[in-house]
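Undergrad: What follows is a structure written as structure tokens; I'll ask about it next.
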Amino acid sequence: MKLAILDDYQGVALDSADWSQVDQSADISIFDTHLGDADAVVRALDGFDIIVAMRERTPFPQCVLERLPKLRLLVTTGMRNLAIDLAAARKQGIDVCGAPMLGYPAAEHAWALILALVKQIPAENLSMHRGGWQASLSTGLQNNTLGILGLGKLGAQVARVGLAFGMNVQAWSANLTPDRCTECGVVCASREELFATSDIVTVHLVLSDRTRGLIGTTEFQMMKPTAYLVNTSRGPIIQESALVSALQSGSIAGAGLDVYDTEPLPQNHPLRDLDNAVLTGHTGYVMRENYVTGYRGVVEDVSAWLNGEPVRLLN
């Protein structure tokens, strides 16, 4: 039996869990670079019985699954993976199991991006390494307004930090209730109010048909020219071309991004050329403790499946 571990960019998969209960039954192969498009994925994974996916790094739509006839188990880190066609997997007799990961790293990463933006840390770091000194002017957080799109678990964590900094915190989502805002100690704003009055807008929504493309030219025109946008959720929630235009024109001050329409972000993407964009490569969840949690869950999933008692089935 053959098992593939995908997208192990940091080379930590085998060290993050005890695979001894698995490698006695399966020949493990590690893929430490992104495989590429659907054809490349099929070429690389043809003949594997078990595939371990790291979150949504490699998509598994129907057109890929139907070309992997030997595949019987697909394990994903995380308990939600929108890049896997669960119905197609079930139709082909492929079990899909999830492995829990930690929730708080994404909230921490959102604040890392916020602080990098308002304190001009990338510019100051670059200036210092080039021999400069005090090259920029930063902005404070206290008494400024933080706008949170989505007040679920992650949004609420972000809100608590904003309140601790002495910020005015407001939130909006399509289903957000005043009671939830009161519970979190934030103002329940309208969509228009949030974009128009926030000094920082941070996205913590689940990608769905309703949220896809939610933020575009209209929203950027509402925002203050001194405002920042942060996205650690999913790239397609923001209309990327509109964001690039807003950053190029200066209609907003900057953006902190961890997620993109296409991942990995293409080498020639215009975002890479913008000084007012602080970019990270979808690393909000890339943390040693999170990998240990995730890969230990993967081993549990694979072991249970090999014993004929699958756990944490998603389909």
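Positions 21 to 335 (the working numbering) are the ones given, in order, by the sequence shown. Glycine included, C-beta positions come from ideal geometry on N, C-alpha and C.
Between the region 308-326 and the region 32-44, do three or more beta carbon pairs fall short of 8 Å?
TA: yes
Undergrad: Given L122, which residues of its chain have a CB within under 7 Å of its CB, disregarding the five upstream and five downstream residues?
TA: E309, N310, T313
Undergrad: Compare the Cα-Cα distances from E260 to each of H289, A247, P245, M243 and report the closest residue.
TA: H289
Undergrad: Report, in whole angstroms, the separation of the C-beta atoms of G113 and L334, which I expect to be a contact under 8 Å.
TA: About 15 Å; that fails the 8 Å criterion.
Undergrad: Along the alpha helix (DSSP H) that carries D59, what are the first and last residues, could you check?
TA: 58-65
Undergrad: What are the boundary residues of the beta strand (DSSP E) that includes G274?
TA: 274-277
Undergrad: Exposed or buried, L169, counting other C-beta atoms within 10 Å across all chains shown (16 or more means buried)?
TA: buried
Undergrad: Would you kindly check if the distance between the Cβ of F185 and the Cβ of Q154 is under 8 Å?
TA: no
Undergrad: Would you mind listing the beta strand (DSSP E) stretches within the region 230-259 that are 3+ residues and don't spill past its ends, in chain order?
TA: 248-251
Undergrad: Might you give, ordered along the chain, the residues of its own chain that have their beta carbon closer than 7 Å to the beta carbon of D52, omitting 5 neighbours on each side?
TA: D28, Y29, G31
Undergrad: Please state whether the Cβ-Cβ distance between R110 and T96 is less than 8 Å.
TA: no
Undergrad: Would you decide whether M243 is buried or exposed? Buried here means 16 or more other CB atoms lie within 10 Å of its CB.
TA: buried
Undergrad: Can you check whether the CB of S253 is closer than 8 Å to the CB of L234?
TA: no
Undergrad: For the ligand MN, any of its heavy atoms closer than 7 Å to the Cβ of A126?
TA: No copy of the ligand MN occurs in the structure displayed, which carries no ligand at all.
Undergrad: Tell me which same chain residues have a C-beta within less than 6 Å of the C-beta of D47, skipping the five on either side of it?
TA: Cβ neighbours of D47 beyond the five flanking positions: K22.
Undergrad: If you draw a straight line from the alpha carbon of A60 to that of A103, how long is it in whole angstroms?
TA: 16 Å
Undergrad: Short check: CB of A209 to CB of A191, under 8 Å?
TA: A contact, by the Cβ cut-off of 8 Å.
Undergrad: Relative to the C-alpha of V264, which residue among G98, L291, G276, L106 is closest?
TA: L291
Undergrad: With DSSP run on the structure shown, which of helix, strand or coil describes L294?
TA: coil
Undergrad: Could you tell me the distance, in whole angstroms, from the CA atom of A136 to the CA atom of P142?
TA: 7 Å
Undergrad: If you measure between the beta carbons of P245 and A262, is that distance less than 8 Å?
TA: no
Undergrad: Confirm, please, whether the CB-CB distance from F68 to D105 is below 8 Å.
TA: no
Undergrad: Hey, how far is the Cα of N296 from the Cα of L267?
TA: 7 Å
Undergrad: Can you check DSSP and say which residues form a bridge with H117?
TA: The amino acid at residue 117 is misidentified as His; the sequence shows Cys. Per DSSP, V95, L333.
Undergrad: Cα-Cα, which of R63, T78, G317 is closest to P284?
TA: For P284, the closest C-alpha among the options R63, T78, G317 is that of T78.
Undergrad: Which residues mark the beginning and the end of the alpha helix (DSSP H) in which S40 is found?
TA: 40-43
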